[in-house]
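Student:
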Amino acid sequence: MSLLEIRNVSKFFGGLAATSNVSFIIQRGEILGLIGPNGAGKTTLFNIVDGFYSPTKGQVLFKDQVISGFKPHQICKLGIARTFQVVKPLQRMSVLDNVITSAFLRAKNKAEALEVAMETLRFTGLEQDKDVISRGLPLGKRKKLEIARALATQPELLLLDESFAGLNHSELNESIEIIRNIKARGITIMIIEHHMKVIMSISDRIVVINYGQKIAEGTPLEIRNNPLVIEAYLGEQHGA
Amino acid sequence: MKKYLPLIVLAFLAALPLVGLSSYTLDLIIMVFMWSIVGMAWNLLGGYCGQVSFGHAAYFGVGAYTAGILYLHFQVSPWWGLPASIVVVTIFSFLLGLAVLRLRGPFFTLATLATGEMMRVIAENLVWLTGGNTGIIVQRTWVDKTNYYYIVLAIAVVAFLTVRWLVRSKMGYYFVAIREDEDAADSLGIDTTKYKTIALCISGVLTGIAGAFYTNYAGLIAPEIVFSLPDKSTATIMIVMVGGAATFFGPFVGAIIMVLLQEAVRNIPGLGAAYQTLFGALLILIIIFLPNGIVGDFQKIKRRFNFGGADK
């Protein structure tokens with residue numbers, strides 16, 4: 001059953017089409033990888049789903065309800081949470097307070113928000129850093145904090161924008177584990193990632209975008225052997 | 241012991257007029273409390289929610305004129321201005337918020353600066369309503385200052401408890417989230433416009449009540465007094481920045497310093513009007529050396545001067 005449907009979505013900035021006529025569906029419970037070269041329009045697509053942009057043409061449907069045109073906070077309330085590629089921690093708040101803030105979206109009171117926040121911190125392995133002011137966190141932990149904060153809003157769909165970029169090897173493995181665990185909780189995930197090994201190993205399906213257009217969609221195996229994708233990534237000569 | 245500290249402080253403050261303070265001393269303490277209220281109000285919006293207002297004179301003046309106009313045109317006690325200003329300033333802040341809260345950062349600040357000045361010009365020109373530059377003279381209720389002291393103390397305590405309760409609640413978390421990153425807050429499901437409006441209204445109302453009190457206490461209000469950019473809007477910011485933005489006691493500390501400094505300088509011949517210059521200089525030093533204000537950087541001060549003993 002489809003959880004999110006992107007239907008003929010285009011977004012123009014002036015004359016530039018950042019996204020043009022993209023359509024695909026995310027099934028409930030899957031991990032969908034979104035890949036493409038730099039500037040292909042992946043983050044723009046995230047911003048459209050999450051309400052920061054409204055599409056110039058087309059629609060986004062969440063659980064069969066049109067959500068394009070809604071504000072980000074309304075979309076979050078409906079059950080879509082995101083992380084930012086350039087992390088946006090609430091800098092002068094502690095890690096715990098960051099997560100409590102987002103847990104308040106569904107918690108009835110502060111005690112419940114605290115409980116959800118603590119549980120989320122344990123889940124993402126940030127428990128020991130809970131009292132650290134988030135401005136002082138190293139990048140790897142900031143990326144985790146982004147995920148923790150999004151999770152504490154108790155979403156049905158999680159949008160992860162390059163949550164692995166800049167991580168070292170052990171952090172990478174930890175994060176892959178966290179994402180598998182998120183999936184095991186029944187949360188659907190759409191993920192943007194440049195790290196091919198990661199995306200190929202965790203995605204159930206992959207959508208490839210280039211110059212704002214969808215050029216391929218399929219299982220990791222299909223994508224790996226798709227000549228259009230190889231061309232987009234490695235150049236024409238190599239593909240020929 | 242620590243549990244009872246607030247009660248002890250409160251008992252001390254309640255007993256203070258009984259020891260026979262001079263009228264002059266009592267006046268200074270009343271001004272400290274009045275400024276603390278305005279400081280706490282500004283702090284809620286500027287310190288916690290991150291919306292820096294250069295126009296809090298607007299709310300102070302609207303509160304003051306609510307009391308003044310009730311007295312002048314409706315012949316009721318200007319004390320009714322206190323409850324009335326809650327209603328009037330809420331409506332005023334809400335309408336103002338619709339316009340200025342669409343703006344972010346420095347643009348918001350400039351818009352508040354403009355609204356403060358706009359209100360002054362309006363008050364100067366609506367002569368039939370406000371008496372123009374002549375202002376409004378109100379018959380004071382008491383000659384003795386003790387009752388005024390208790391009233392302003394009560395307002396300050398209520399303001400303090402309100403701000404503290406808000407800051408520790410869900411709303412406080414939302415305010416700080418908006419201050420730290422408005423886009424991130426939005427993506428966490430926070431209706432930023434709604435919460436900014438709430439912060440603005442509460443901040444405006446607390447300031448307005450202080451203004452209504454001022455009308456009763458001072459007995460005279462005029463546009464260039466209550467809507468003053470330097471004497472009200474900027475002074476408020478200085479109080480909070482010196483005392484410590486986003487701290488519970490910062491506004492008190494800032495208010496004490498400003499009132500005392502003002503009095504100290506006033507008595508120096510030829511320098512009387514320069515207290516704001518000095519206060520400005522102090523503010524610059526504070527921003528350089530104690531960017532979080534005296535209360536916010538108290539640990540730093542302790543370390544610097546080696547008192548407290550723990551870390552020699």
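These protein sequences, in sequence, are chains Y and R.
So the first sequence is residues 1 to 240, counted in our numbering.
So the second sequence is residues 241 to 552, counted in our numbering.
Virtual Cβ for every residue (Gly too), placed ideally from N, Cα, C.
Please read these numbers as outputs of a predicted model, since none were measured by experiment.
Does Y:Met-118 come out as helix, strand or coil in the three-state DSSP assignment?
Tutor: Helix, per DSSP.
Student: Mind checking R:Tyr-311: buried by the 16 CB within 10 Å criterion, or exposed?
Tutor: Its Cβ being crowded by 16 or more others within 10 Å, R:Tyr-311 is buried.
Student: Taking C-beta pairs closer than 7 angstroms, name the residues in chain Y that R:Ala-417 reaches, listed in chain order.
Tutor: Near R:Ala-417 (Cβ distances below 7 angstroms), the residues of chain Y are Leu-90, Thr-101.
Student: Would you mind stating whether Y:Lys-88 and R:Asp-421 have Cβ atoms separated by less than 8 angstroms?
Tutor: Contact flag set, yes.
Student: Could you give the residue range of the alpha helix (DSSP H) that holds Y:Asn-181?
Tutor: Counting along the chain, the alpha helix (DSSP H) containing Y:Asn-181 begins and ends at 169-184.
Student: Determine, using beta carbons only, whether R:Asp-551 comes closer than 8 angstroms to chain Y.
Tutor: Residue placement at R:Asp-551 cannot be trusted, given a pLDDT of 44 that sits under 50; the coordinates are not used to answer.
Student: Thinking C-alpha only, which one of R:Leu-525, R:Gln-502, R:Leu-523 is nearest R:Ala-514?
Tutor: Of the candidates R:Leu-525, R:Gln-502, R:Leu-523, the one whose C-alpha sits nearest the C-alpha of R:Ala-514 is R:Gln-502.
Student: State the DSSP-derived secondary structure class of Y:Arg-7, mapped to helix, strand or coil.
Tutor: Three-state DSSP puts Y:Arg-7 in a strand.
Student: Should Y:Met-1 be labelled buried (16 or more other beta-carbon atoms within 10 Å of its own) or exposed?
Tutor: Under this definition Y:Met-1 is an exposed residue.
Student: Distance, Cα to Cα, R:Gly-286 vs R:Val-292?
Tutor: So the alpha carbons of these two residues sit roughly 4 angstroms apart.
Student: Just to check my reading of the structure: R:Gly-303 and R:Gly-448 have Cβ atoms closer than 8 angstroms, yes? What is that Cβ distance to the nearest angstrom?
Tutor: At roughly 3 angstroms, the Cβ-Cβ gap stays under 8 angstroms, so R:Gly-303 and R:Gly-448 are in contact.
Student: Using beta-carbon positions only, say whether Y:Pro-155 and Y:Ala-103 come within less than 8 angstroms of one another.
Tutor: No, these two residues do not count as a Cβ contact at 8 angstroms.
Student: Would you call Y:Ala-184 buried or exposed, if buried means 16 or more other Cβ atoms sit within 10 Å of its Cβ?
Tutor: Exposed, by the Cβ-count rule.
Student: At which residues does the beta strand (DSSP E) containing Y:Met-57 begin and terminate?
Tutor: According to the sequence displayed, residue 57 of chain Y carries Lys and not Met. Segment 57-62, the beta strand (DSSP E) holding Y:Lys-57.
Student: Near Y:Asn-181, what residues of its chain come up, given a Cβ to Cβ distance below 8 angstroms and the 5 sequence neighbours on each side ignored?
Tutor: Within the same chain, Y:Asn-181 has close Cβ partners Phe-123.
Student: By a C-beta neighbour count over all protein chains shown, 10 Å radius and 16 as the cutoff for buried, is R:Ile-527 buried or exposed?
Tutor: It is exposed - the Cβ of R:Ile-527 has fewer than 16 other Cβ atoms within 10 Å.
Student: Does Y:Phe-62 pass the burial test, meaning 16 or more other C-beta atoms within 10 Å, or should it be called exposed?
Tutor: Y:Phe-62 should be labelled buried.
Student: Quick one: grab the DSSP three-state call for Y:Ile-31.
Tutor: Looking at Y:Ile-31 - three-state DSSP - the assignment turns out to be strand.
Student: Out of Y:Ile-31, Y:Ala-152, Y:Lys-197, point me to the one whose CA is closest to Y:Asn-173's CA.
Tutor: For the residues Y:Ile-31, Y:Ala-152, Y:Lys-197, the minimum Cα distance to Y:Asn-173 belongs to Y:Lys-197.
Student: With contact counted as at least three CB pairs below 8 angstroms, one residue from each stretch, are the stretch 365-376 of chain R and the stretch 243-254 of chain R in contact?
Tutor: Too few Cβ pairs lie closer than 8 angstroms, so no.
Student: Provide the residue(s) that pair with R:Ile-418 in DSSP beta bridges, ordered along the chain.
Tutor: In DSSP, R:Ile-418 forms no bridge with anything.
Student: Tell me which residues share the same chain as R:Tyr-299 and place their Cβ nearer than 6 angstroms to its Cβ, disregarding the 5 neighbours each side in the sequence.
Tutor: Closer than 6 angstroms at the Cβ level, and outside the excluded window around R:Tyr-299, lie Val-329, Gly-444, Thr-447, Gly-448.
Student: Alpha carbon to alpha carbon, how far is R:Ile-575 from R:Phe-314?
Tutor: Any answer about residue 575 of chain R is impossible in this case: the structure gives chain R only from 241 up to 552.
Student: Please state whether the Cβ-Cβ distance between R:Val-416 and R:Tyr-288 is less than 8 angstroms.
Tutor: Yes; because the gap between Cβ atoms is below 8 angstroms, this pair is in contact.
Student: Within the continuous alpha helix (DSSP H) that includes Y:Asn-241, where are the two ends?
Tutor: Not covered by the structure: residue 241 of chain Y. The range shown for chain Y is 1 to 240.
Student: Closest Cβ-Cβ distance between R:Ala-424 and chain Y: below 8 angstroms?
Tutor: Yes, because at least one Cβ of chain Y sits closer than 8 angstroms to the Cβ of R:Ala-424.
Student: Is it true that the stretch 448-461 of chain R meets the stretch 130-150 of chain Y, where meeting means three or more beta-carbon pairs spaced less than 8 angstroms apart?
Tutor: Taking 8 angstroms as the limit for Cβ pairs, the verdict is that the stretch 130-150 of chain Y does not touch the stretch 448-461 of chain R.
Student: Quick one: what does DSSP say R:Ser-276 is sitting in, helix, strand or coil?
Tutor: Helix at R:Ser-276.
Student: Any idea if Y:Leu-3 is buried or exposed, counting beta-carbon neighbours within 10 angstroms, 16 or more meaning buried?
Tutor: Answer is buried; the Cβ neighbour count reaches 16.
Student: With DSSP collapsed to three states, give me the class of Y:Val-86.
Tutor: In this structure, Y:Val-86 counts as coil in the three-state DSSP scheme.
Student: Between Y:Asp-261 and chain R, is any beta-carbon pair separated by less than 8 angstroms?
Tutor: No information on residue 261 of chain Y is available, as it lies outside the stretch 1 to 240 that chain Y covers here.
Student: So what's Y:Gln-259 in DSSP terms, helix, strand or just coil?
Tutor: Within the shown structure, residues of chain Y are numbered from 1 to 240, placing residue 259 of chain Y beyond reach of any answer.
Student: Could you round the C-beta distance between R:Leu-522 and R:Val-480 to whole angstroms and report it? I think they count as a contact, below 8 angstroms.
Tutor: In fact, because the Cβ distance is near 13 angstroms, the residues do not count as touching under 8 angstroms.
Student: So the candidates are Y:Ile-6, Y:Thr-120, Y:Lys-143; which of them puts its Cα closest to the Cα of Y:Leu-167?
Tutor: When only C-alpha atoms are compared, the closest one is Y:Lys-143.
Student: If you run the structure through DSSP and keep just helix, strand and coil, what is Y:Leu-137?
Tutor: Reduced to three states, the DSSP call for Y:Leu-137 is coil.
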